[in-house]
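Some notes on the structure that comes next.
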Amino acid sequence: MSFAPAPQLLSRASKRLQLAVTSRALSSSIQLRGTASPPSDISKLESPTASSTQTQQPLESSVTKWGERLTTINSTARLPRSVQALYLRPLRRKAEYGLPVCDLQLRSFSVRNVEFFADFAIRAAYYLNLPVSGPIPLPKIVERWTFPRSNFVHKKSQENFERITLRRLIQIKDGDPHVVQAWLSFLRKHAFYGVGMKANVWEHESLDIAKNMDKSLPEVEKILESHLAHFGRQEGAADPPGSVEDFLGNERLSLKKGPAHSRRWNSSLSTQPPSTTTVFSGIQPTGVPHIGNYLGALREWVTLQNNAAKDTKLLFSIVDLHALTVPQESRQLRKWRKEAFATLIAIGLDPNRSTIFYQSAVHQHAELYWILSTVASTGYLSRMTQWKSKLQLPDDTTLENSEVRSKLRLGLFSYPVLQAADILVHRATHVPVGEDQRQHLEFSRYTANSFNHIYGPIFPSPEALISPAKRVMSLKEPKLKMSKSHIDQRSRIILTDSPEDIRQKIKVALTDSQPNITYDPIHRPGVSNLIEIIGHLEGVSCHDIASTFENASLRALKEHLAQKLSDALSPIREKYYSLMGDKSDYLESVAEQGARDARANAEITMKKVKEVMGL
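Each residue of the sequence shown is one higher than the one before, counting from 1 in full-length UniProt numbering.
Right under this line is the structure:
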C-alpha cells in the first residue's frame, strides 16, 4: 500500500538520515582498519584522497530504495515514533458537512483481529472516497457463567467461564448511499475470521419529500382503491374479493417459503397459507373488567366482530389457566370466571358469530403447550418482563441471582409458552393485543418460526392488532397503569359501576392545581389521563378536547367525563346483571357450545402437529 508523505518532511528526514548512516558506516570501517579513535573532522572522511583504493560510484547506483533504507535506518538510527506514526497512519478523507450515513460496529473476542479489520475497513473507505471516523472503542461485553462438571455441589465440581467481547465503532459521514453499500459488500466479501459486523445505514431525503408524496397521492389512491373497497362498506353489501391483510399475508408467506427440495423437513401436508382469517384473543378471569380493559381490548373485539368478513373465524377465551400462575382461592376463581364470561356477552360479543369459551375446557391448549416447550428458548424467556413484573423485580433482573431463582415458579416463567399455544392451536393469523402484550406476541411468532423450521409450515405467523387506546392510567396514580390489583378501589372504573359510583371516582381523581386545562402527559399526567379517556370514548384527538375545555374548570371536565362514562357503560351494566340473574343456565350452555367448537378447531391443528412429529 502506498503512502503520500509531505515532501518537506521527506527532505529533512533524508538529510538527517544520510548523515547518520554515513558516520556510522565510516566509523565502523575505520575501527576495522585499526584506527584508535574516529576522526574529529567528518568532512575529511566524506572527501576521500587520491591515494584511496576506493572508487567513487555514480549517484544513481548509490541511491537505495525507500523500503530498504527504512529497514536499515530502523536497525541503526531509529526514526522518531511521531514520524513512524505519520507514515503508518490510515489514510482518511475529511467530511464536509459531518452528516452521519453509516455506523459499522465490529465485534471480536481478539484485540488483534478487531484492530486489524478496523484498519482494513478504514483504508477501504479511503479508496472509495468515503469520509470515515474511528475506530471508537465501545464498552466491552463481559459474560460469565458456571458449568457443573458433576452432580456434587462442591466448588471443585464447578467450572467458571468468562467471555469478553470487544467492540469498535466506525462511522461514515457525507457518503453516497450506493457507495456505502458497495463498501459494506466489499467488507462482507473479505470478512476476517473471528470478527462480526453490524451496520446501521441512514438515507437522508430532501426536504421536498412531503411535496413529492402529495403529488404522487392520486396515483397511489388509484392503485389501492380496489384493495380498500371493503372499508366503510354498507351493511348488506356484497363482500369484497379479498382484504389487504390477507393479500399481504399471502405475499409474506410465499416469499418466506423456500423450494421444497431445500427444506430440512419432508411432509405430505399442504404448504399453502391459511385461506381464511382467524382472530384469537383472551382475557384473564379477574372478575368484571375495568374501563382500561374495555377501551384497550374488549371494545376492539366487538368492533372486529361487527366489521369482519363472513368467513373470518373469531375466537375469544377466558384464559383461566393463566390465572393459576399465582395462588388462587377456588371459590373466588370460579366466581370470577363466570363474571368475566358474562361481561364478554354483555359488551356485545355474539355467541352465534364468535366462539366464546373457557381455556381450561379445551385440552389441546395444554397439550400444545408441552410440545412448544420443547422448541422454546429459555434465554428468550429469561428476557421477558412478565415474570419480573409479577415478582416486582427490575427489568434488568437475570436468572444468575439465586434469590430470584428461588422465588420463580415454572408456570410463571413459561407463561409466554402457554400464551403462544393459545394462539397457535387455533392457527390464528391476527391477535388484538394491548401495547404491553406486544412482547409476548413476538415470542409467539418466534416459537412458530422455530417449530416450522424443524417440522414444516404448520403454524402461520400471527400479526398484532394494536388498540388505539394503548394504555389507560390509574385515577389515583396517573403514572401507573390502571389495574385491579391497586389497593385503592377508587383508582379504577369497573364496567358495572353505577352512575353515582362513576361520578364519585372521577370527582376524587388526582389532577393538579393549575387553573387551565392543557394536554401534557409528562408534566400534567392526571389531567391528561382524563382527556385521553374522553378522547377514546368520543373518538376525538386529545389536543382538540384540550382546546375545547381550555377556558373551562377541572370540575367541568370531570363532570363531562363522568356523564360520558355513565352513558357508555349503562347498557353493559344492565345486560350484565340480566345475564347473572338468569336461572336458565344460559351462560353454561354458551360456554359448552363454545368449548365444543374450539375443541374441534384445535383438534385439526393437533392432528397436523402429531403427524409431522411422528406421534
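From the three backbone atoms N, C-alpha and C, an ideal C-beta is built for every residue, glycine too.
K140 and Q593 have their C-alpha atoms some 58 Å from each other.
Non-local C-beta neighbours of R503 in its own chain, meaning closer than 7 Å and more than five positions away in sequence, comprise A562, ordered along the chain. Per DSSP, the continuous alpha helix (DSSP H) segment holding D422 begins and ends at Y415 to L424.
Residue pairing of Y127 in beta bridges, as defined by DSSP: absent, with no partner found. According to DSSP, residue pairing for P148 in a beta bridge involves Q158.
Sequence-distant partners of A595 (beyond 5 residues in either direction) whose C-beta falls short of 7 Å from its own C-beta, in its chain, are F357, Y358, A361 and V362.
When Cβ pairs closer than 8 Å are counted between the two stretches, the region 291-298 is seen to touch the region 492-500, the count reaching three or more.
Between V279 and L324, the C-beta gap is not smaller than 8 Å, which leaves the two residues out of contact.
Counting the other CB atoms within 10 Å of its CB gives G539 a total below 16, which places it among the exposed residues. Taking each of S414, N449 and K607 in turn and checking the Cα distance to T378, the smallest one comes out for S414. At a cut-off of 4 residues, not a single continuous stretch assigned as alpha helix (DSSP H) sits fully inside the region 571-596. With respect to T548, V527 sits apart: the two C-beta atoms are not nearer than 8 Å. Scanning C102, I345 and L169 for the CA closest to the CA of M580 turns up I345. Beyond the five residues adjoining it in sequence on each side, S541 comes within less than 7 Å, by CB distance, of G535 in the same chain, given in chain order.
Our two residues, F117 and Q439, have alpha carbons roughly 36 Å apart in a direct line.
Inter-residue distance for K564 and V220 is about 39 Å (C-alpha atoms, whole angstroms). Cβ neighbours of F192 within its own chain (closer than 8 Å, five residues either side excluded): N113, F116, F117 and F120. Scanning its chain for C-beta atoms nearer than 6 Å, with the 5 sequence neighbours on each side dropped, one finds around P416 the residues M384, H440 and F443, in chain order. Nearest to W301 by alpha-carbon distance, out of Y576, L480 and L465, is L465.
The criterion of a C-beta distance shorter than 8 Å is satisfied by G287 and A340. CA-to-CA, the gap between I531 and A509 works out to about 12 Å. Taking every protein chain shown into account, the CB of Y127 has fewer than 16 other CB atoms within 10 angstroms, so this residue is exposed. By the Cβ-count criterion, Q514 is exposed, with fewer than 16 other Cβ atoms from all chains shown falling within 10 Å of its own Cβ. Here A591 is buried: its Cβ has 16 or more other Cβ atoms, across all protein chains shown, within 10 Å.
Per DSSP, Q105 lies in no alpha helix (DSSP H) segment; the continuous beta strand (DSSP E) that holds it begins and ends at P100 to S108. A direct Cα-Cα distance of roughly 35 Å separates T398 from T605. As DSSP reads the structure, P432 sits in a beta bridge with L465. When only Cα atoms are considered, V83 and L91 end up about 15 Å apart. The secondary-structure analysis by DSSP pairs I172 across a beta bridge with C102 and V132.
Shown here for R107: same chain residues with a beta carbon closer than 6 Å to its own, the five before and five after excluded, namely T165, R167 and G196 in chain order. For N551, the secondary structure class from DSSP, reduced to helix, strand or coil, is coil.
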